[in-house]
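**Q** Residue numbers (my numbering), protein chains in the order written: chain A, 535 to 912; chain B, 62 to 144. In this text, a Cβ means the ideal position worked out from N, Cα and C, and glycines have one as well.
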Amino acid sequence: TFAGEPKWAKQVLTYRILNYTPDLHPADVDAAIKKAFNVWSSVTPLKFVKKDRDHADIMISFAVKGHNDFIPFDGPGGSIAHAYAPGKGFGGDAHFDEDETWTKSTEGTNLFYVALHEFGHSLGLFHSKDPEALMYPVYRKFDPSVFPLHQDDTNGIQHLYGRSPNTYNDPRESAEIKEPAEPKEPALPDICSPDLTFDAVTTFRGEIMFFKDKHFWRKHPSVRAVDFNLISAFWPRLPSGVDAAYEVPEKDETVLFKGNEFWVVRGDTILPGYPQKIYVLGFSKDVTKIDAAFYNRNKGKIYYFIADKFWSYNKRSQSMDRKPRQIRDAFPGINGKIDAVFQHKNFFYFFHGRKQLEFDPGKKRVTRVLKTNFWFPC
Amino acid sequence: FPVDMREKKEEDVQLIQKYLENYYNFKKDGESSFVWKNNSPITKKIKEMQEFLGLEVTGKLDSNTLDLIQKPRCGFPDVAGFS
């Protein structure tokens with residue numbers, strides 16, 4: 535943030551586009567600007583309303599060279615835009631260098647991406663030192679399939695304005711300004727509560743991810759610190775309340791399930807073509823959701839748990855069981871519906887309500903009964 | 062033809078000076094641009110810039126630094142010396 539942390543004292547801000555670049559159709563400029571504001575709306579309680587006359591909090595213009603703010607532009611390249619921290623007068627305003635070639639594609643200078651960065655300043659964010667962050671000062675080509683905010687950007691803006699009250703809001707698909715949501719936010723889950731249960735658990739690039747409602751915790755088995763995030767901060771198109779998740783480490787892919795759909799992610803990118811229906815995996819139509827899943831690296835099999843049964847998919851033969859088996863038959867000591875499961879070293883960890891059962895597949899028995907928060911420093 | 066290294070170097074120096082003036086609040090003190098001492102103001106500013114932008118901190122105009130300062134960027138300064 536800027537020195538003194540200037541920020542807007544209100545949650546509904548106005549913006550006005552004073553003039554348009556000839557590089558793009560005015561409707562494309564409007565859309566790029568709106569989309570950029572929607573990204574910031576998706577992670578904060580802020581709303582943005584377009585005005586066509588009079589003064590607005592954020593005045594947007596295209597200009598060349600000197601343009602009456604003592605910071606002239608410099609022709610093509612170099613400085614491509616700038617914006618001012620929240621405040622009166624110039625405060626919040628964003629200026630774009632008309633000498634750039636503004637585009638809506640990844641060629642030239644993408645207006646949406648630059649506007650998104652500049653509006654970060656308009657809202658109170660200073661430059662980030664993190665080269666992966668949107669607020670890093672150097673422009674780079676962006677990947678439209680990846681949510682443009684880095685965790686550093688989200689942390690910064692939420693430090694100023696708090697989190698979004700919406701559980702799910704994809705700025706890339708939503709061009710509408712949404713009505714203010716209910717102000718009541720459900721209490722954040724307490725990781726050390728004895729009543730804690732999880733929606734899903736999976737390994738993820740050497741860490742373990744524990745999903746609960748719209749959040750997840752990240753924990754490295756040998757590091758004490760725990761990271762707590764919004765699912766939407768990593769994967770904005772994913773719904774909250776994930777049912778099941780598993781990782782295929784050799785492909786660097788993680789599969790997440792919700793209802794009868796699933797998504798495949800790599801890092802914070804949702805791979806194209808998802809969601810897909812779970813039936814493409816070979817499930818019968820009477821399966822409407824998956825309770826838990828994990829990938830057994832040793833056997834190359836994926837296990838899907840549904841009520842008191844499980845299905846297994848053999849990755850090598852690429853075939854699904856014709857019909858499910860009873861969980862207790864293959865995993866003695868594990869009875870009934872389970873919430874989540876993952877593999878760590880040579881053990882499987884089954885979550886069942888307030889209990890976690892460590893299962894040794896070699897001995898075919900439960901070796902320890904643990905609390906659900908066993909992995910956390912409680 | 063051999064490249065005129067002196068001319069090239071002068072261009073680079075002007076480029077970095079302008080960059081530091083624009084984004085790192087650098088003020089020329091009149092000394093020759095070619096005086097590159099460890100503790101000279103321009104070396105200190107280059108180090109500050111390299112540290113901020115995640116480059117290797119050499120205090121010198123190496124190729125990575127030159128590459129980065131020629132890329133398009135936000136016109137807002139990277140240091141807090143503004144009002």
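Where in the region 724 to 789 of chain A do unbroken runs of the beta strand (DSSP E), each at least 3 residues long, occur, reported from the N-terminal end onward?
**A** Here the runs fully enclosed are 734 to 738, 741 to 746, 749 to 753, 760 to 764 and 778 to 782.
**Q** Would DSSP call Ser846 (chain A) helix, strand or coil?
**A** In the first sequence, the residue the question calls residue 846 (chain A) occupies position 312. Three-state DSSP puts Ser846 (chain A) in a strand.
**Q** So Lys105 (chain B) is in the beta strand (DSSP E); what residue range does that whole segment cover?
**A** If you number the second sequence from 1, residue 105 (chain B) lands on position 44. Taken as a continuous stretch (DSSP letters only), Lys105 (chain B) belongs to no beta strand (DSSP E), being part of the alpha helix (DSSP H) at Pro102 to Phe113.
**Q** Could you say if the region 658 to 674 of chain A and the region 537 to 546 of chain A meet the contact criterion of at least three C-beta pairs nearer than 8 Å?
**A** Segments in contact, yes.
**Q** In terms of residue numbering, what span does the alpha helix (DSSP H) encompassing Ser576 (chain A) cover?
**A** In the first sequence, the residue the question calls residue 576 (chain A) occupies position 42. First-last of the alpha helix (DSSP H) with Ser576 (chain A): Pro560 to Val577.
**Q** Between Pro714 (chain A) and Tyr808 (chain A), what straight-line distance do the alpha-carbon atoms span, to the nearest angstrom?
**A** Along the first sequence, one-based indexing puts residue 714 (chain A) at 180. Along the first sequence, one-based indexing puts residue 808 (chain A) at 274. Only weak support is given to the placement of Pro714 (chain A): the predicted model assigns it a pLDDT of 39, under 50, and the value that follows is read from those uncertain coordinates. Roughly 29 Å between the two C-alpha positions.
**Q** For Leu790 (chain A), count neighbouring C-beta atoms within 10 Å of its own C-beta (all shown protein chains included) and say buried if the count is 16 or more, exposed if not.
**A** Counting from one through the first sequence, the residue named residue 790 (chain A) turns up at place 256. By the 10 Å Cβ count, Leu790 (chain A) comes out buried.
**Q** Could you check what DSSP says for Trp691 (chain A) in three-state terms: helix, strand or coil?
**A** Position 157 of the first sequence, counted from the start, is the residue given in the question as residue 691 (chain A). According to the sequence as given, residue 691 (chain A) is Ile; it is not Trp. Helix.
**Q** Are the beta-carbon atoms of Pro770 (chain A) and Tyr695 (chain A) separated by less than 8 Å?
**A** Looking up residue 770 (chain A) in the first sequence gives position 236. Looking up residue 695 (chain A) in the first sequence gives position 161. Not in contact: Pro770 (chain A) and Tyr695 (chain A) (Cβ atoms no closer than 8 Å).
**Q** To the nearest angstrom, report how far apart Thr637 (chain A) and Asn644 (chain A) are at their CA atoms.
**A** The residue labelled residue 637 (chain A) in the question sits at position 103 within the first sequence. The residue labelled residue 644 (chain A) in the question sits at position 110 within the first sequence. C-alpha separation (whole angstroms): 5 Å.
**Q** Interface residues of chain B around Tyr514 (chain A) at Cβ under 8 Å?
**A** Because chain A is modelled from 535 through 912, residue 514 (chain A) falls outside the range shown and cannot be assessed.
**Q** What does DSSP give as the partner residues of Ala597 (chain A) in its beta bridges?
**A** Numbered from 1 along the first sequence, position 63 holds the residue referred to as residue 597 (chain A). Ala597 (chain A) is bridged to A:Asp631.
**Q** Evaluate the contact criterion for the region 669 to 686 of chain A versus the region 795 to 814 of chain A: three or more CB pairs, one atom per stretch, below 8 Å.
**A** Result yes; three or more Cβ-Cβ pairs closer than 8 Å.
**Q** Go to His886 (chain A), then tell me how far its beta strand (DSSP E) extends in each direction, as first and last residue.
**A** Walking along the first sequence from the start, residue 886 (chain A) turns up at place 352. Looking at the DSSP string, the run of the beta strand (DSSP E) that includes His886 (chain A) is Phe881 to His886.
**Q** Chain B beta carbons: is any one of them nearer than 8 Å to that of Ser613 (chain A)?
**A** Taking the first residue of the first sequence as 1, we reach residue 613 (chain A) at position 79. By this cut-off, Ser613 (chain A) is an interface position.
**Q** Mind listing, in chain order, the continuous alpha helix (DSSP H) runs of no fewer than 4 residues lying wholly within the region 637 to 680 of chain A?
**A** List check, alpha helix (DSSP H) in window: 645 to 657.
**Q** Check for me: the beta strand (DSSP E) holding Ala827 (chain A) runs from which residue to which?
**A** For the purposes of this step, residue 827 (chain A) is taken as residue 293 along the first sequence, with counting starting at 1. Taken as a continuous stretch (DSSP letters only), the beta strand (DSSP E) holding Ala827 (chain A) covers Ala826 to Asn830.
**Q** From the beta carbon of His601 (chain A), is the nearest beta carbon of chain B less than 8 Å away?
**A** Counting from one through the first sequence, the residue named residue 601 (chain A) turns up at place 67. Chain B contact via Cβ: absent.
**Q** Please report how far the alpha carbon of Gln131 (chain B) lies from the alpha carbon of Gly115 (chain B), in whole angstroms.
**A** If you number the second sequence from 1, residue 131 (chain B) lands on position 70. If you number the second sequence from 1, residue 115 (chain B) lands on position 54. Their Cα atoms are separated by approximately 16 Å.
**Q** Which same chain residues end up closer than 7 Å to Arg862 (chain A) when comparing Cβ atoms and leaving out the 5 residues on each side of it in sequence?
**A** For the purposes of this step, residue 862 (chain A) is taken as the residue at position 328 of the first sequence. Result list for Arg862 (chain A): Ile868 and Asn869, in chain order.
**Q** Between Ala617 (chain A) and chain B, is the shortest Cβ-Cβ distance under 8 Å, so that the two count as touching?
**A** Residue numbering aside, residue 617 (chain A) sits at position 83 when the first sequence is read from its first letter. Yes, Ala617 (chain A) counts as interfacial toward chain B.
**Q** Spell out the partners DSSP gives Gln877 (chain A) in its beta bridges.
**A** Here residue 877 (chain A) refers to the residue found at position 343 when the first sequence is read from its first residue. According to DSSP, Gln877 (chain A) bridges with A:Phe882.
**Q** Ends of the beta strand (DSSP E) at Thr119 (chain B)?
**A** If you number the second sequence from 1, residue 119 (chain B) lands on position 58. Counting along the chain, Thr119 (chain B) falls outside any beta strand (DSSP E), and DSSP gives it neither H nor E.
**Q** Going by beta-carbon coordinates alone, are Tyr883 (chain A) and Ile836 (chain A) separated by less than 8 Å?
**A** Taking the first sequence and counting its residues from 1, the one referred to as residue 883 (chain A) is at position 349. Taking the first sequence and counting its residues from 1, the one referred to as residue 836 (chain A) is at position 302. No.
**Q** Is the shortest distance between the beta-carbon of Leu114 (chain B) and the beta-carbons of chain A less than 8 Å?
**A** For the purposes of this step, residue 114 (chain B) is taken as the residue at position 53 of the second sequence. True, the Cβ-Cβ gap to chain A drops below 8 Å.
**Q** So Asp128 (chain B) is in the alpha helix (DSSP H); what residue range does that whole segment cover?
**A** Position 67 of the second sequence, counted from the first residue, corresponds to residue 128 (chain B). Taken as a continuous stretch (DSSP letters only), the alpha helix (DSSP H) holding Asp128 (chain B) covers Ser124 to Ile130.
**Q** Helix, strand or coil: which one does DSSP assign to Arg706 (chain A)?
**A** If you number the first sequence from 1, residue 706 (chain A) lands on position 172. With a pLDDT of only 40 at Arg706 (chain A), under 50, the local geometry of the prediction cannot be trusted, and the value read off the model is given with reservation. The answer is coil: DSSP assigns Arg706 (chain A) none of H, G, I, E or B.
**Q** Say yes only if the C-beta of Leu122 (chain B) is nearer than 7 Å to one or more non-hydrogen atoms of the ligand ADP, and no if none qualify.
**A** Annotation note on the ligand ADP: not contained in the displayed structure, which lists no ligands.
**Q** Give me the chain B residues within the contact set of Thr643 (chain A), using Cβ-Cβ distance strictly less than 8 Å, ordered along the chain.
**A** Counting from 1 along the first sequence, the entry for residue 643 (chain A) is found at position 109. Within 8 Å Cβ-Cβ: Pro133.
**Q** On the criterion of 16 or more Cβ atoms from any shown chain inside 10 Å, does Val903 (chain A) qualify as buried, or is it exposed?
**A** Against the first sequence, residue 903 (chain A) aligns to sequence position 369. Exposed: under 16 other Cβ atoms inside 10 Å.
**Q** Output yes or no for whether 8 Å exceeds the beta carbon distance between Val648 (chain A) and Ile691 (chain A).
**A** Taking the first sequence and counting its residues from 1, one reaches residue 648 (chain A) at position 114. Taking the first sequence and counting its residues from 1, one reaches residue 691 (chain A) at position 157. Result no, Cβ atoms of Val648 (chain A) and Ile691 (chain A) do not sit closer than 8 Å.
**Q** Is the separation between the beta-carbon of Thr635 (chain A) and that of Phe676 (chain A) shorter than 8 Å?
**A** By 1-based counting over the first sequence, the position of residue 635 (chain A) is 101. By 1-based counting over the first sequence, the position of residue 676 (chain A) is 142. Against a cut-off of 8 Å, the Cβ pair of Phe676 (chain A) and Thr635 (chain A) comes out as no contact.
**Q** Shortest alpha-carbon distance to Met669 (chain A) belongs to which of A:Thr535, A:Arg697, A:Asn794 and A:Phe844?
**A** Within the first sequence, residue 669 (chain A) is the residue found at index 135, counting from 1. Cα-wise, what sits closest to Met669 (chain A) is A:Thr535.
**Q** Nearest to Ala561 (chain A) by alpha carbon, out of A:Phe646, A:Gly600, A:Ala767 and A:Asp664?
**A** For the purposes of this step, residue 561 (chain A) is identified with residue 27 of the first sequence, where counting begins at 1. Among A:Phe646, A:Gly600, A:Ala767 and A:Asp664, the Cα nearest to that of Ala561 (chain A) belongs to A:Phe646.
**Q** According to DSSP, simplified to helix, strand and coil, what is Thr535 (chain A)?
**A** As a working note, residue 535 (chain A) is residue 1 in the first sequence. Residue state, collapsed to three classes: coil.
**Q** I'd like to know whether the C-beta atoms of Ala597 (chain A) and Tyr549 (chain A) end up nearer to each other than 8 Å.
**A** Numbered from 1 along the first sequence, position 63 holds the residue referred to as residue 597 (chain A). Numbered from 1 along the first sequence, position 15 holds the residue referred to as residue 549 (chain A). Against a cut-off of 8 Å, the Cβ pair of Tyr549 (chain A) and Ala597 (chain A) comes out as no contact.
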